[in-house]
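Here is the structure we will look at.
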Amino acid sequence: MKKLQLKKLGLAAVLLAALRREISLAMRQKGEVLTPLMFFVVIASLFPLGVGPESALLLRMAPGVLWVSALLAAMLSLQRLFAMDYADGSLEQMVLSATPLGLLVAAKALAHFLLSGLPLVLMAPVLGLQFGLEGRALGILMLTLLLGTPTLSLIGSIGAALTLGVRGAGVLLSLLILPLYIPVLIFGAGAVEADAAGLGIGGHLSLLAALLVLSIFFAPLATTTALRISLE
747 MKKLQLKKLG LAAVLLAALR REISLAMRQK GEVLTPLMFF VVIASLFPLG VGPESALLLR
807 MAPGVLWVSA LLAAMLSLQR LFAMDYADGS LEQMVLSATP LGLLVAAKAL AHFLLSGLPL
867 VLMAPVLGLQ FGLEGRALGI LMLTLLLGTP TLSLIGSIGA ALTLGVRGAG VLLSLLILPL
927 YIPVLIFGAG AVEADAAGLG IGGHLSLLAA LLVLSIFFAP LATTTALRIS LE
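Position one of the sequence shown corresponds to residue 747 (this note's numbering), numbered consecutively onward.
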């Protein structure tokens, strides 16, 4: 029992160390970290200007527009998830090291969520005010994004690994992962719309949570397999 606890503590320490490394490397290029957030703000802000001031129409559009904007913004930095480590040879060392590769992949996905997904969650209520969303709807929007954006990062890591070193990887990455993002988009935006219609949102939130749990279990395994294939 004590050996098992020590092993768990050791894995947790490795995960935290890998997470700190990813965040410190990302903060050296602050422009790339801020790009998804600025993209999210610009895209979500353009819709009210283009559609006009009709409040009923903006309210109907708000969940879908904000969720699509967040989804596209989260995709911007996916291509760089493994690119730097692949370019300098660090990725091959990770594959050959004694540390489980799935743990390092999980740390990268978590860092991507903290740097790209979490800022979108925090900014969403401010942008939601442009569409006339009120307190309850804004809270539900934040909750759905908090459940959905980690799933986007985990699924995106699979696509980033599959397209590693491929010419035109950005377009190919989008084609691979966008179909997998559709359920997250449907349930995330659907929860806000269901609440506005006076319906229950428990089913939408449960499905988002289920997708997150499945992604936590299976995405690192699929990503490690894809990385080994890409490096062969």
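Positions of the beta carbon are idealized from the N, C-alpha and C atoms, including for glycine.
Bear in mind that the values here come from a model prediction, so they are computed numbers and not experimental data.
- By the C-beta criterion, the region 850-860 is judged to be in contact with the region 951-969, since at least 3 inter-stretch pairs fall below 8 Å.
- Going by C-alpha positions, F933 is about 22 Å away from L822.
- Between the alpha carbons of A772 and V787 lies a distance of about 21 Å.
- Scanning A942, A956 and Y927 for the CA closest to the CA of A808 turns up A942.
- Remark: three or more beta-carbon pairs, one from each stretch, lie closer than 8 Å, so the region 967-976 and the region 835-849 are flagged as touching.
- Here A763 is exposed, its C-beta having fewer than 16 other C-beta atoms within 10 Å.
- Look at the region 864-899 and you find these whole runs of alpha helix (DSSP H), each 4 residues long or longer: 864-874.
- A straight line joining the alpha-carbon of L761 with that of R767 spans about 10 Å.
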